[in-house]
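*Asks:* For the protein sequence lines, the chains are A and B, in the order given. The first sequence: position 64 = 64 (UniProt numbering), numbered continuously. The second sequence: position 12 = 12 (UniProt numbering), numbered continuously. For each residue, glycine too, the CB sits at the ideal point set by N, CA and C. Small disclaimer: the values here were computed from a predicted structure and weren't measured. Dropping the structure in here first, questions after.
2 protein chains.
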Amino acid sequence: MPPSKPRSPAPLYEQIRQLIVAALAAGEWRPGDALPSEAALAQRFGASPGTVRRAMDELAAEHIVERRQGSGTFVPTHAAPRQQFRFLRLVADDEAEGFTRELLGCRRLRASAEVARALGLRTSEPVIEVRRLLHRRGRPVVLDELWLAERHFEGLTAEVMARHPGTLYALFETRFGVHMVRAEEKLRAVAATPEAAQLLQVSPGEPLLSVERLAFTYGDRPVELRRGLYYTSSDHYRNELN
Amino acid sequence: MPPSKPRSPAPLYEQIRQLIVAALAAGEWRPGDALPSEAALAQRFGASPGTVRRAMDELAAEHIVERRQGSGTFVPTHAAPRQQFRFLRLVADDEAEGFTRELLGCRRLRASAEVARALGLRTSEPVIEVRRLLHRRGRPVVLDELWLAERHFEGLTAEVMARHPGTLYALFETRFGVHMVRAEEKLRAVAATPEAAQLLQVSPGEPLLSVERLAFTYGDRPVELRRGLYYTSSDHYRNELN
DNA sequence: CAGTGGTCTAGACCACCAT
DNA sequence: TGGTGGTCTAGACCACTGC
Numbered sequence: 001m002p003p004s005k006p007r008s009p010a011p012l013y014e015q016i017r018q019l020i021v022a023a024l025a026a027g028e029w030r031p032g033d034a035l036p037s038e039a040a041l042a043q044r045f046g047a048s049p050g051t052v053r054r055a056m057d058e059l060a061a062e063h064i065v066e067r068r069q070g071s072g073t074f075v076p077t078h079a080a081p082r083q084q085f086r087f088l089r090l091v092a093d094d095e096a097e098g099f100t101r102e103l104l105g106c107r108r109l110r111a112s113a114e115v116a117r118a119l120g121l122r123t124s125e126p127v128i129e130v131r132r133l134l135h136r137r138g139r140p141v142v143l144d145e146l147w148l149a150e151r152h153f154e155g156l157t158a159e160v161m162a163r164h165p166g167t168l169y170a171l172f173e174t175r176f177g178v179h180m181v182r183a184e185e186k187l188r189a190v191a192a193t194p195e196a197a198q199l200l201q202v203s204p205g206e207p208l209l210s211v212e213r214l215a216f217t218y219g220d221r222p223v224e225l226r227r228g229l230y231y232t233s234s235d236h237y238r239n240e241l242n
Numbered sequence: 001m002p003p004s005k006p007r008s009p010a011p012l013y014e015q016i017r018q019l020i021v022a023a024l025a026a027g028e029w030r031p032g033d034a035l036p037s038e039a040a041l042a043q044r045f046g047a048s049p050g051t052v053r054r055a056m057d058e059l060a061a062e063h064i065v066e067r068r069q070g071s072g073t074f075v076p077t078h079a080a081p082r083q084q085f086r087f088l089r090l091v092a093d094d095e096a097e098g099f100t101r102e103l104l105g106c107r108r109l110r111a112s113a114e115v116a117r118a119l120g121l122r123t124s125e126p127v128i129e130v131r132r133l134l135h136r137r138g139r140p141v142v143l144d145e146l147w148l149a150e151r152h153f154e155g156l157t158a159e160v161m162a163r164h165p166g167t168l169y170a171l172f173e174t175r176f177g178v179h180m181v182r183a184e185e186k187l188r189a190v191a192a193t194p195e196a197a198q199l200l201q202v203s204p205g206e207p208l209l210s211v212e213r214l215a216f217t218y219g220d221r222p223v224e225l226r227r228g229l230y231y232t233s234s235d236h237y238r239n240e241l242n
């Protein structure tokens with residue numbers, strides 16, 4: 001019995017998609033959890049299975065959920081090996097894998113105008129700044145500096161990061177419930193400052209790839225600003241254009 | 001004792017997708033043309049409309065076809081304004097738009113080992129090399145060098161390019177029937193060589209963003225190798241991570 | 001107005017996974 | 001074996017476009 005649909009601004013599958021995102025943002029299902037089956041969700045939202053399926057298609061394409069045939073639909077976690085390099089596009093020319101992390105510092109300060117604007121904070125709101133190096137084959141190749149609103153990452157210290165073996169995004173997810181969903185990056189070539197040169201073991205003025213990233217959690221909320229300096233002598237930033 | 005599982009053939013919608021790509025590669029529909037309606041295609045392939053629709057969903061997501069509600073489904077063309085910057089991710093910090101093109105040279109030579117490998121040619125097969133500059137606000141910001149197999153671009157000369165007002169990819173499409181579908185890029189920061197420095201009006205050694213692109217036409221056939229040097233002082237390469 | 005893609009429903013069967 | 005997502009079908013109605 002096809003019910004006559006009332007006029008609505010967004011299609012039903014889009015409304016359902018947004019409801020699921022809202023539920024994820026509210027923590028109804030955490031990373032690693034299975035979502036209810038598509039049939040159960042169809043019941044919950046009063047839609048047909050095909051419509052819920054369409055919503056899940058969109059969410060799977062955005063990597064907001066992950067399907068496993070026969071098992072169910074799950075909330076992806078940055079702890080999974082597959083997610084390891086989802087936001088780090090720097091690959092070795094010879095396809096070597098993996099980095100080792102070296103924490104340089106973690107301190108609390110007031111948001112600069114730039115950080116405040118990017119993260120949607122009031123100026124001089126408390127912010128946590130993290131600096132670190134990534135090494136490949138014993139050589140530093142990435143110098144990362146990143147800023148987080150303290151109110152979302154209360155208790156983040158050098159200690160906490162040192163104890164955590166995985167990626168930062170995996171830590172943010174398990175410890176602070178902040179799951180990164182997508183990011184925007186601006187790339188430039190810049191000359192190494194004396195400080196960056198020393199840390200990356202290159203000469204001052206050496207060309208470095210500057211990667212400025214704004215990362216978003218559910219609902220397009222910006223939660224991290226990051227500035228990376230990549231030494232691209234035997235590594236490159238890989239991109240795919242469609 | 002488990003019975004040997006026969007290899008499952010690709011799903012019907014995937015087979016249909018490939019048949020449509022093959023028809024596009026064969027030139028059955030040219031850029032700007034409308035494809036047959038989904039109902040007509042369903043008839044042609046002996047599938048239900050929903051299955052054909054699924055195939056078109058995939059093709060639309062890859063930008064291999066473009067849907068216009070109420071009008072039909074079309075082959076996109078690089079001549080359309082929307083496609084103008086599909087493969088050029090360099091944007092001005094102040095969002096200014098547009099470039100002016102300056103052709104530096106176009107000559108015929110034999111494929112280097114690197115070009116041959118990238119384009120799948122025999123070494124020393126004839127290749128066309130194009131060099132040009134892109135200017136923004138009267139200032140050079142991109143130095144492009146690109147290589148094409150001559151057998152796919154016979155008759156491409158400086159004259160032909162000078163007469164054509166649009167982008168290179170629009171020219172390739174209308175004049176040579178080669179439509180670019182996707183590309184892979186490798187980015188690095190490099191120091192300007194004396195020659196590049198002079199052309200881009202910067203000091204030798206200045207950091208430049210090196211963008212090496214391999215562009216593909218239908219069926220993942222590589223047809224263009226390109227090396228761009230971007231001056232990223234008041235422009236940046238924009239990327240989106242999902 | 002006719003024709004197109006866009007949405008939504010309903011249900012059958014298959015492939016895969018855990019138990 | 002039961003439950004899950006994956007495929008495929010069939011058809012209704014809506015929204016938009018162009019004549």
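Is DSSP giving A:GLY120 helix, strand or coil here?
*Replies:* In the first sequence, the residue the question calls residue 120 of chain A occupies position 120. Correct three-state label for A:GLY120: coil.
*Asks:* When the Cα of B:ILE128 is compared with those of B:ARG136, B:LEU146 and B:ARG175, which residue comes out closest?
*Replies:* As a position in the second sequence, residue 128 of chain B is number 128, starting the count at 1. Nearest of B:ARG136, B:LEU146 and B:ARG175 to B:ILE128, Cα basis: B:LEU146.
*Asks:* Name the residue from A:ARG151, A:LEU59, A:ALA191 and A:THR217 whose alpha carbon lies nearest to the alpha carbon of A:GLU173.
*Replies:* Sequence index remark: in the first sequence, residue 173 of chain A carries index 173 (1-based). Put simply, of A:ARG151, A:LEU59, A:ALA191 and A:THR217 the residue whose alpha carbon is nearest the alpha carbon of A:GLU173 is A:THR217.
*Asks:* Could you check whether B:ALA189 and A:LEU209 sit closer than 8 Å to each other, using their CB atoms as the reference points?
*Replies:* Position 209 of the first sequence, counted from the first residue, corresponds to residue 209 of chain A. Position 189 of the second sequence, counted from the first residue, corresponds to residue 189 of chain B. Yes, they are a contact pair.
*Asks:* When the Cα of B:GLU97 is compared with those of B:ARG163, B:ASP235 and B:GLY219, which residue comes out closest?
*Replies:* On the second sequence, residue 97 of chain B is found 97 positions in, with the first residue counted as 1. Ranking B:ARG163, B:ASP235 and B:GLY219 by Cα distance to B:GLU97 puts B:ASP235 first.
*Asks:* Assign B:ARG137 to one of two classes, buried (16 or more other C-beta atoms within 10 Å of its C-beta) or exposed (fewer than that).
*Replies:* On the second sequence, residue 137 of chain B is found 137 positions in, with the first residue counted as 1. B:ARG137 comes out exposed.
*Asks:* Could you list which residues in chain A have their beta carbon closer than 8 Å to that of B:HIS63, in chain order?
*Replies:* One-based indexing of the second sequence puts residue 63 of chain B at position 63. By Cβ distance, chain A contributes ASN242.
*Asks:* If you run the structure through DSSP and keep just helix, strand and coil, what is B:VAL190?
*Replies:* Locating residue 190 of chain B in the second sequence gives position 190, counting from the first residue. Three-state result, B:VAL190: strand.
*Asks:* Cutting at 7 Å between CB atoms, please list the residues of its own chain near B:LEU104, excluding the five before and the five after it.
*Replies:* As a first step, residue 104 of chain B is located in the second sequence; it is residue number 104 there, counting from the start. The answer, listed in chain order, is ARG131, ARG132 and LEU133.
*Asks:* Show which residues of chain B have a CB atom less than 8 Å away from the CB atom of A:ARG182.
*Replies:* For the purposes of this step, residue 182 of chain A is taken as the residue at position 182 of the first sequence. The contacting residues are GLU240, LEU241 and ASN242.
*Asks:* Would you verify that the beta carbon of A:ARG53 is, or is not, closer than 8 Å to some beta carbon of chain B?
*Replies:* Residue mapping note: residue 53 of chain A aligns to position 53 of the first sequence, counting from 1. Cβ-Cβ to chain B under 8 Å: no for A:ARG53.
*Asks:* For A:LEU109, count neighbouring Cβ atoms within 10 angstroms of its own Cβ and tell me buried if that reaches 16, exposed if not.
*Replies:* Taking the first sequence and counting its residues from 1, one reaches residue 109 of chain A at position 109. With fewer than 16 other Cβ atoms within 10 Å, it is exposed.
*Asks:* Name the chain A residues whose beta carbon is nearer than 7 Å to that of B:HIS236?
*Replies:* Position 236 of the second sequence, counted from the start, is the residue given in the question as residue 236 of chain B. In chain order, LYS186, LEU187 and ARG188 make up the part of chain A whose C-beta sits under 7 Å from the C-beta of B:HIS236.
*Asks:* Would you tell me roughly how many angstroms separate the C-alpha atoms of B:ARG226 and B:THR167, rounded to the nearest one?
*Replies:* Position 226 of the second sequence, counted from the start, is the residue given in the question as residue 226 of chain B. Position 167 of the second sequence, counted from the start, is the residue given in the question as residue 167 of chain B. Going by the C-alpha atoms only, they are around 14 Å apart.
*Asks:* Shorter than 8 Å from the beta carbon of A:ALA196 to some beta carbon of chain B?
*Replies:* Against the first sequence, residue 196 of chain A aligns to sequence position 196. False, the Cβ-Cβ gap to chain B never drops below 8 Å.
*Asks:* Could you check which residue in A:ARG213, A:LEU148 and A:HIS135 has the C-alpha nearest to that of A:PHE99?
*Replies:* To locate residue 99 of chain A, count along the first sequence from 1; it is residue 99. The residue among A:ARG213, A:LEU148 and A:HIS135 with its C-alpha nearest the C-alpha of A:PHE99 is A:HIS135.
*Asks:* Since B:THR157 sits in a beta bridge, which residues does DSSP pair it with?
*Replies:* Numbered from its first residue, the second sequence carries residue 157 of chain B at position 157. Partner(s): none; B:THR157 has no beta bridge.
*Asks:* Quick check: the segment 8-28 of chain B against the segment 48-57 of chain B, are at least 3 beta-carbon pairs closer than 8 Å?
*Replies:* The segment 48-57 of chain B vs the segment 8-28 of chain B: in contact.
*Asks:* Output yes if chain B places a C-beta closer than 8 Å to the C-beta of A:ALA118; else output no.
*Replies:* As a working mapping, residue 118 of chain A is identified with position 118 in the first sequence. No, A:ALA118 lies away from the interface with chain B (no Cβ there is under 8 Å from its Cβ).
*Asks:* Compute the beta-carbon to beta-carbon distance between A:HIS152 and A:VAL178, rounded to the nearest angstrom, for a pair I have assumed lies under 8 Å.
*Replies:* Numbered from 1 along the first sequence, position 152 holds the residue referred to as residue 152 of chain A. Numbered from 1 along the first sequence, position 178 holds the residue referred to as residue 178 of chain A. So it is a contact: roughly 6 Å between Cβ atoms.
*Asks:* On the criterion of 16 or more Cβ atoms from any shown chain inside 10 Å, does B:ASP144 qualify as buried, or is it exposed?
*Replies:* Counting from 1 along the second sequence, the entry for residue 144 of chain B is found at position 144. Buried, since its Cβ has 16 or more Cβ neighbours within 10 Å.
*Asks:* Near A:THR193, what residues of its chain come up, given a Cβ to Cβ distance below 8 Å and the 5 sequence neighbours on each side ignored?
*Replies:* Position 193 of the first sequence, counted from the first residue, corresponds to residue 193 of chain A. Answer for A:THR193: PRO204, listed in chain order.
*Asks:* Which of helix, strand or coil does DSSP assign to A:PRO165?
*Replies:* By 1-based counting over the first sequence, the position of residue 165 of chain A is 165. Of the three classes helix, strand and coil, the one that applies to A:PRO165 here is coil, per DSSP.
*Asks:* Which residues mark the beginning and the end of the alpha helix (DSSP H) in which B:PRO49 is found?
*Replies:* On the second sequence, position 49 is the one that residue 49 of chain B refers to. Unbroken alpha helix (DSSP H) run through B:PRO49: 49-61.
*Asks:* Return the CA-CA distance between A:PRO2 and A:PRO11, expressed in angstroms with no decimal places.
*Replies:* The residue labelled residue 2 of chain A in the question sits at position 2 within the first sequence. The residue labelled residue 11 of chain A in the question sits at position 11 within the first sequence. Residue placement at A:PRO2 cannot be trusted, given a pLDDT of 37 that sits under 50; what the coordinates show is reported in the next sentence. If you take the alpha carbons of A:PRO2 and A:PRO11, they lie about 16 Å apart.
*Asks:* With a threshold of 8 Å between beta-carbons, can A:PRO2 be considered close to chain B, or not?
*Replies:* The residue you call residue 2 of chain A lines up with position 2 of the first sequence. Residue confidence for A:PRO2 is low, a pLDDT of 37 falling below 50, so the modelled location carries little weight and cannot support an answer.
*Asks:* Given a threshold of 16 other Cβ atoms within 10 Å of its Cβ, counted over all protein chains shown, does A:ARG7 qualify as buried or as exposed?
*Replies:* Against the first sequence, residue 7 of chain A aligns to sequence position 7. Below a pLDDT of 50, predicted positions are generally treated as unreliable, and A:ARG7, at 41, falls in that range; no measurement from the model is reported.
*Asks:* If we define contact as Cβ-Cβ less than 8 Å, is B:PRO207 a contact residue for chain A?
*Replies:* Stepping through the second sequence from its first residue, residue 207 of chain B is reached at position 207. With 8 Å as the cut-off, B:PRO207 counts as an interface residue toward chain A.
*Asks:* So the candidates are B:GLY155, B:TRP29, B:SER48 and B:GLU159; which of them puts its Cα closest to the Cα of B:ILE64?
*Replies:* By one-based count along the second sequence, residue 64 of chain B stands at place 64. Between B:ILE64 and the set B:GLY155, B:TRP29, B:SER48 and B:GLU159, the nearest pair of CA atoms involves B:TRP29.
*Asks:* Extract the residue ranges of the beta strand (DSSP E) inside the segment 60-99 of chain A, only unbroken runs of 3 or more that lie entirely within it.
*Replies:* Correct list: 66-68, 72-74 and 90-92.
*Asks:* Helix, strand or coil: which one does DSSP assign to A:ASP235?
*Replies:* Position 235 of the first sequence holds residue 235 of chain A. A:ASP235: strand per DSSP, three-state reduction.
*Asks:* What does the alpha-carbon distance come out to for the pair B:VAL211 and A:VAL21?
*Replies:* For the purposes of this step, residue 211 of chain B is taken as the residue at position 211 of the second sequence. For the purposes of this step, residue 21 of chain A is taken as the residue at position 21 of the first sequence. C-alpha separation (whole angstroms): 36 Å.
*Asks:* Near A:PRO207, which residues of its chain fall below 7 Å by C-beta distance, leaving aside the five closest residues on each side in sequence?
*Replies:* Reading the first sequence from its first residue, position 207 is the one you call residue 207 of chain A. So the list reads ALA189 and ALA191, once near-sequence residues are dropped.
*Asks:* Starting from B:LEU208, follow the beta strand (DSSP E) in both directions and report where the run begins and ends.
*Replies:* One-based indexing of the second sequence puts residue 208 of chain B at position 208. Where B:LEU208 is concerned, the enclosing beta strand (DSSP E) starts and stops at 207-217.
*Asks:* CB A:ALA89 to CB A:TYR237, shorter than 8 Å?
*Replies:* Within the first sequence, the letter at position 89 stands for residue 89 of chain A. Within the first sequence, the letter at position 237 stands for residue 237 of chain A. Residue 89 of chain A is actually Arg in this sequence, not Ala. With respect to A:TYR237, A:ARG89 sits close: the two C-beta atoms are nearer than 8 Å.
*Asks:* According to the Cβ coordinates, are residue 243 of chain B and B:LEU187 closer than 8 Å?
*Replies:* No answer is possible for residue 243 of chain B: it lies beyond the span of chain B, which begins at 1 and ends at 242.
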